[in-house]
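Presented below is the structure to which this report refers.
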Amino acid sequence: MTKIDQIGGGVQAGESKPGQRGVGAGQGASFDDFLTRAIDDGQASQAAGESTGLGGVSQVAAPAEVLAATGQAHVTAVAQAEDLLATLEQYAQALGQGGSLKDLAGVVQAMETQAGLLGETADQLPEDDELAGLLRQVRARAEAEAMKFNRGDFIPA
Numbered sequence: 067m068t069k070i071d072q073i074g075g076g077v078q079a080g081e082s083k084p085g086q087r088g089v090g091a092g093q094g095a096s097f098d099d100f101l102t103r104a105i106d107d108g109q110a111s112q113a114a115g116e117s118t119g120l121g122g123v124s125q126v127a128a129p130a131e132v133l134a135a136t137g138q139a140h141v142t143a144v145a146q147a148e149d150l151l152a153t154l155e156q157y158a159q160a161l162g163q164g165g166s167l168k169d170l171a172g173v174v175q176a177m178e179t180q181a182g183l184l185g186e187t188a189d190q191l192p193e194d195d196e197l198a199g200l201l202r203q204v205r206a207r208a209e210a211e212a213m214k215f216n217r218g219d220f221i222p223a
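To convert a position in the sequence shown, counted from 1, into our numbering, add 66.
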């Protein structure tokens with residue numbers, strides 16, 4: 067088996083072949099220097115936009131801010147979904163153990179509450195967000211199980 071560091075003539079990260087040209091090749095520029103230069107250029111162009119009367123453009127949220135807000139919503143949604151799935155597992159185990167249906171009522175009530183919260187969170191996400199679809203499926207499963215319990219599907223005949 068060939069080791070990955072032997073592929074392509076054994077060029078290691080940070081090395082360059084003779085005659086190879088890249089960003090900052092031969093100038094000793096590091097990625098940090100390149101990144102700092104790019105950030106400075108971005109800030110300069112933003113300042114230029116504000117000075118030319120394009121101030122409204124700078125008020126649009128930066129992509130990092132949008133991603134942070136969406137990322138936080140995703141973190142919250144995933145945590146809620148995990149809690150609901152854990153409650154569904156607890157419900158399934160309790161059903162399998164043959165315990166009292168009165169004991170299950172508290173679990174079912176918690177499941178309904180968590181499903182409602184998850185639905186609200188899913189509705190706040192963009193419609194085309196794949197996570198929103200997954201959250202709706204988890205919610206539907208929990209609501210279906212609660213409905214079966216409440217209509218008496220598990221009462222022994």
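Beta carbons are placed, not taken as given, at the ideal position from N, Cα and C, and that holds for glycine.
- For Gly172, the enclosing alpha helix (DSSP H) has its first and last residue at 167–190.
- Asp195 sits in coil when the DSSP states are folded into three classes, being neither helix nor strand.
- By the neighbour-count definition (other C-beta atoms within 10 Å, threshold 16), Gln146 is a buried residue.
- Taking 8 Å as the upper bound for CB-CB distance, Thr187 and Leu201 are in contact here, some 7 Å apart.
- Of all C-beta pairs linking the segment 158–165 to the segment 175–183, fewer than three are shorter than 8 Å, placing the two stretches out of contact.
- Comparing alpha-carbon positions, the option among Gly172, Gly199, Phe215, Ile105 lying closest to His140 turns out to be Gly199.
- Rounded to the nearest whole angstrom, the C-alpha separation of Asn216 and Arg207 is 14 Å.
- Here the alpha carbons of Leu150 and Ala143 stand approximately 11 Å from one another.
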